[in-house]
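Worksheet: one structure, shown below.
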Amino acid sequence: MSHAAAEPVKTVKFFTPGVFIVLLVALNGLVFIAGRFIFGIGAVTNLDNQYPWGIWIGIDVAAGVALAAGGFISAAIGHIMHRERYHAIVRPALLTAMLGYTFVAFGVFIDIGRWYYIWHPLVMWNPNSALFEVGICVMIYLTVLYIEFLPIVTERFMGRVNLPGILKVFNNLLNRLLTFLDNALGKTMFVFIIAGVVLSSLHQSSLGTLMVIAGDKMHPLWQTPILPLLFLISAAGVGIPMIIFESLIASKSFKLEPEMKVLTPLASYVAPILGVYLSFKLGDMFIRESFVYLGEFTAQSIAFYIEIVIGVIVPLFLFLNKKVLKTPLLLFMASAMVVFGVLINRINNFVIAYHPPYADYPYFPSYGEISVTLGCAALLVLLYRACVMIFPVITPEAKANHS
Amino acid sequence: MKNINRRNFLKFSSALTFASAGLTSNAKAAPNNILSPDRMGVLVDTTHCVGCRNCEWACKTSHGHDAGDIEKYHNREVFKEFRRPKDHSFTVVNEFENPKNELIPINVKYQCMHCDKPACVSACIVGAFQKNEMGQVTWDGGKCIGCRYCMVACPFQIPTFEYEKAIEPNINKCDFCFERTSKGGIPACVEICPVEALMFGPRTELIRVARQRIKRNPERYKNHIYGEKEVGGTSWMYLSSVDASQLKLPKHKDKTAPGVSESIQHGIFAYFVPPLALYAWLGGIMWISKRRKEIIQEVVEEEAK
Chain A
0 MSHAAAEPVK TVKFFTPGVF IVLLVALNGL VFIAGRFIFG IGAVTNLDNQ
50 YPWGIWIGID VAAGVALAAG GFISAAIGHI MHRERYHAIV RPALLTAMLG
100 YTFVAFGVFI DIGRWYYIWH PLVMWNPNSA LFEVGICVMI YLTVLYIEFL
150 PIVTERFMGR VNLPGILKVF NNLLNRLLTF LDNALGKTMF VFIIAGVVLS
200 SLHQSSLGTL MVIAGDKMHP LWQTPILPLL FLISAAGVGI PMIIFESLIA
250 SKSFKLEPEM KVLTPLASYV APILGVYLSF KLGDMFIRES FVYLGEFTAQ
300 SIAFYIEIVI GVIVPLFLFL NKKVLKTPLL LFMASAMVVF GVLINRINNF
350 VIAYHPPYAD YPYFPSYGEI SVTLGCAALL VLLYRACVMI FPVITPEAKA
400 NHS
Chain B
0 MKNINRRNFL KFSSALTFAS AGLTSNAKAA PNNILSPDRM GVLVDTTHCV
50 GCRNCEWACK TSHGHDAGDI EKYHNREVFK EFRRPKDHSF TVVNEFENPK
100 NELIPINVKY QCMHCDKPAC VSACIVGAFQ KNEMGQVTWD GGKCIGCRYC
150 MVACPFQIPT FEYEKAIEPN INKCDFCFER TSKGGIPACV EICPVEALMF
200 GPRTELIRVA RQRIKRNPER YKNHIYGEKE VGGTSWMYLS SVDASQLKLP
250 KHKDKTAPGV SESIQHGIFA YFVPPLALYA WLGGIMWISK RRKEIIQEVV
300 EEEAK
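Below, the structure written as structure tokens:
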């Protein structure tokens with residue numbers, strides 16, 4: 000291996016005051032999750048027959064899938080295009096995607112009324128349904144992500160299995176199993192890597208198809224037959240900013256040097272994708288003449304302006320600027336804006352734009368809904384922190400310089 | 000350096016083009032439906048309806064819901080607020096002021112429209128909804144996972160969900176009295192209607208009757224059968240003296256409710272060709288870039304010798 004090896008983070012302790020706050024947010028969320036399973040969805044949410052989907056679908060599922068796009072983008076760049084220099088970001092992005100999709104699945108589990116039937120789509124098919132396709136693709140992709148992560152587990156524990164006490168007898172067996180897995184996966188991994196990229200392209204776009212069927216119930220600023228294309232491009236566009244966003248937070252939190260040697264060239268991909276996205280988005284707006292709604296002063300038009308200006312146009316200009324690409328703080332801000340933009344876009348598509356014919360009041364998430372959404376995000380952060388301390392995920396910049 | 004980046008970007012953007020080509024080309028229609036040409040429907044003549052709400056009572060009774068005393072349904076106080084079907088009220092009657100005659104209000108019965116091409120059937124992740132041969136759209140509680148996508152999809156905002164239940168929440172909506180109508184019977188609401196505001200029969204026949212009524216009484220009726228063409232046609236249709244939108248019947252175009260969503264789905268998955276082609280194409284890029292890296296390394300090593 001010509002590139003530096005990743006290793007478990009040892010620079011800081013797991014628990015810090017900040018981590019305790021995150022832990023509290025997670026616990027608060029878990030309380031409401033318990034409430035949902037004991038008393039039903041109606042007890043903790045503001046969902047009703049007018050608004051069947053709220054932020055659990057808009058943020059936990061839709062935005063969750065989009066923000067985990069770093070996984071397939073980094074796999075495409077690192078493995079499929081074989082850009083050696085980007086190897087350092089492949090593992091953190093993979094971990095994010097794996098945890099992200101795990102929580103997407105968990106989010107679905109919480110939101111569906113009959114959670115114990117979550118396996119039904121596996122045996123009861125409706126190929127006309129966009130949701131069916133999203134469901135199946137996400138299930139397979141989640142499996143693929145776990146398989147892609149396995150080599151990191153084998154690397155960590157192969158030849159080092161040391162179970163305490165009576166479990167010692169399994170040490171040899173487990174070691175052999177890990178060696179076998181490592182061997183088998185090494186030879187077949189390319190199959191899963193390509194599958195992961197294909198599956199991602201499919202369900203990232205189908206997630207956009209979901210709301211097409213809502214027809215007139217969706218505000219014309221968002222309702223368009225090219226929604227799947229817009230979802231795919233925006234997912235591709237947010238992949239790299241999300242990787243940068245996390246990498247910079249991680250290096251700050253773990254007291255490591257920011258990996259600018261990797262992030263700056265990586266960031267140069269962002270502006271072109273944002274440009275393509277913006278042209279499709281605006282082109283579609285002019286073809287459908289939906290710009291007439293921009294003159295109105297409504298929650299929808301304001302949400303649209305926020306999404307497109309803060310989320311796309313401003314970061315597009317920032318990413319075109321070389322100084323921004325080279326300065327950690329500016330790069331962080333530009334990336335955060337894209338992440339924010341895609342988050343708002345998914346909320347807009349699934350929540351703000353939705354207006355059923357008999358609605359007589361707007362939807363606003365309850366305290367319980369917000370708690371669960373924040374709680375899931377907090378749990379994800381905690382698991383990520385634990386994983387990078389256990390498994391070789393992050394490549395320290397200092398070592399990378401030496402090699 | 001710049002060159003390589005641009006080339007990579009071109010590779011990437013061609014991947015997008017490729018994916019989007021799958022969306023638009025090759026879009027084919029949904030599979031043929033099994034609808035019978037003699038399928039049944041109901042014609043609601045809102046100019047006949049007197050708002051007795053016997054249909055609400057009959058609906059509850061025949062579905063085994065707690066209906067109570069029929070006399071209570073004649074209380075007109077409930078018309079003060081606009082009601083929607085929900086839980087164990089698969090149908091409700093509302094009242095509107097009549098702009099033509101203040102003394103005779105307009106009463107309108109609402110329930111599932113039983114679309115010919117239902118969005119719920121198309122949307123349901125597990126196929127729990129079914130459009131039956133004779134027109135009924137029914138829900139199978141044994142399949143439903145409670146995702147509520149049917150509610151997002153329905154253009155008439157009909158399916159409702161039991162949010163208060165932690166276990167086995169149902170999706171509720173009118174089933175066109177499937178138990179009765181599948182055995183040649185007539186729906187409970189139609190049966191009890193004292194003023195023949197509801198007429199049950201073959202859909203094509205109902206359209207003929209409706210046209211006749213409009214022709215004979217052009218002052219009485221708007222020249223529009225609501226549901227004949229809306230969202231591609233519905234089993235339940237309405238005649239009224241005022242514009243349908245004044246009776247809170249949502250304005251819809253003639254295109255079917257699933258719209259382009261099925262074409263997009265089938266375009267992406269046209270016999271699995273687009274996903275497999277994308278797979279092969281990415282595999283090709285992977286092989287080429289890996290090989291190029293190996294060759295460069297060999298050259299470097301040879302030079303080093």
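First to last, the protein sequences are chains A and B. Note that numbering that gives the first Met the number 0 numbers the first sequence so that position 183 is 182, with each residue one more than the last. Note that numbering that gives the first Met the number 0 numbers the second sequence so that position 191 is 190, with each residue one more than the last. Every residue, glycine too, gets a C-beta built ideally from N, C-alpha and C.
Which term fits residue i, buried or exposed, when burial requires 16 or more other beta carbons within 10 angstroms of its beta carbon?
| i | result |
| --- | --- |
| S334/A | buried |
| T178/A | exposed |
| W221/A | buried |
| N31/B | With a pLDDT of only 48 at N31/B, under 50, the local geometry of the prediction cannot be trusted, and the value read off the model is given with reservation. So N31/B counts as exposed. |
| C38/B | The identity of residue 38/B in the sequence shown is Arg, whereas the question assumes Cys. Answer is buried; the Cβ neighbour count reaches 16. |
| F102/A | buried |
| V308/A | exposed |
| A358/A | exposed |
| V151/B | buried |
| N222/B | exposed |
| P108/B | The amino acid occupying residue 108/B in the given sequence is Lys; Pro does not appear at that position. By the 10 Å Cβ count, K108/B comes out buried. |
| S24/B | With a pLDDT of 37 at S24/B, under the threshold of 50, the modelled position of this residue cannot be trusted, and the question is left open. |
| W286/B | exposed |
| A249/A | buried |
| L198/A | buried |
Would you tell me roughly how many angstroms separate the C-alpha atoms of residue i and residue j, rounded to the nearest one?
| i | j | result |
| --- | --- | --- |
| E295/A | Y304/A | 11 Å |
| N27/A | V133/A | 30 Å |
| E190/B | V49/B | 15 Å |
| I286/A | H218/A | 16 Å |
| D262/B | F279/A | As written in the sequence, residue 262/B is Ser, which differs from the Asp given in the question. Cα to Cα, the separation comes out at about 20 Å. |
| I206/B | G231/B | 14 Å |
| E80/B | F108/A | 36 Å |
| A276/B | E163/B | 47 Å |
| Y276/A | Y100/A | 24 Å |
| Y220/B | A209/B | 10 Å |
| V64/A | Q203/A | 7 Å |
| N161/A | D181/A | 18 Å |
| M388/A | F13/A | 8 Å |
| Q49/A | K322/A | 48 Å |
| W124/A | I117/A | 13 Å |
| S244/B | V43/B | 15 Å |
| L281/A | N347/A | 16 Å |
| G238/A | V41/B | 52 Å |
| I56/A | H62/B | 33 Å |
| G437/A | G374/A | The question about residue 437/A has no answer, for chain A in this structure spans 0 to 402. |
Could you list which residues in chain A have their beta carbon closer than 7 Å to that of residue i, in chain order?
| i | result |
| --- | --- |
| P249/B | P356 |
| F160/B | N48, P51 and G112 |
| I144/B | I111, R113, Y116, I117 and H119 |
| Y148/B | L130 |
| C123/B | N125 and S128 |
Quick check on this structure: which residue in the options has the alpha carbon closest to the alpha carbon of residue i?
| i | options | result |
| --- | --- | --- |
| A270/A | F36/A, N344/A and L319/A | L319/A |
| C123/B | L205/B, R179/B, Y162/B and I170/B | I170/B |
| L206/A | A61/A, F189/A and L379/A | A61/A |
| G126/B | C114/B, Y148/B and I105/B | Y148/B |
| A150/A | L265/A, V337/A, L176/A and N127/A | The residue asked about is misnamed: residue 150/A is Pro in this sequence, not Ala. Looking at the Cα atoms, L176/A is the closest of the given residues. |
| P240/A | G53/A, V190/A, E288/A and G70/A | G70/A |
| S260/B | A266/A, I248/A, V237/A and L228/A | L228/A |
| D59/A | I369/A, Y383/A, R384/A and P395/A | I369/A |
| V211/A | P91/A, L130/A and V89/A | L130/A |
| D242/B | K252/B, Y225/B and S234/B | Y225/B |
| I312/A | I301/A, I79/A and G340/A | G340/A |
| E195/B | K130/B, S35/B and T46/B | T46/B |
So which residues of chain A does residue i contact, with C-beta pairs closer than 8 Å?
| i | result |
| --- | --- |
| Q264/B | P126, N127, S128, A129, E132, S205 and T208 |
| E261/B | N127 |
Quick one: which chain A residues come within Cβ less than 9 Å of residue i?
| i | result |
| --- | --- |
| Y278/B | I193, A194, V196 and V197 |
If the cut is a Cβ gap below 7 Å, which residues of chain B does residue i touch?
| i | result |
| --- | --- |
| S365/A | Residues of chain B passing the Cβ test: none, with the nearest at roughly 12 Å. |
For a contact defined as C-beta to C-beta under 8 Å, what are the partners of residue i on chain B?
| i | result |
| --- | --- |
| H78/A | M285 |
| A213/A | V151 and A152 |
For residue i, decide whether its Cβ has a neighbour in chain D, counting only Cβ atoms nearer than 9 Å.
| i | result |
| --- | --- |
| F230/A | Among the protein chains of the structure shown, namely A and B, there is no chain D. |
- Task: With a floor of 3 residues, list each beta strand (DSSP E) that falls wholly inside the stretch 173–245 of chain B, ordered by position along the chain.
- Result: 197–201 and 235–238
- Task: Scan the stretch 117–180 of chain A and note each continuous alpha helix (DSSP H) run of 4 residues or more that stays entirely inside, going in chain order.
- Result: 119–122 and 129–156
- Task: Kindly provide the ranges of any alpha helix (DSSP H) runs that are 4 or more residues long and lie completely inside the stretch 37–125 of chain A, ordered along the chain.
- Result: 40–43, 63–66, 69–74, 86–110 and 119–122
- Message: For a minimum of 4 consecutive residues, which ranges assigned as the alpha helix (DSSP H) are wholly contained in the stretch 25–70 of chain B?
- Response: 53–61
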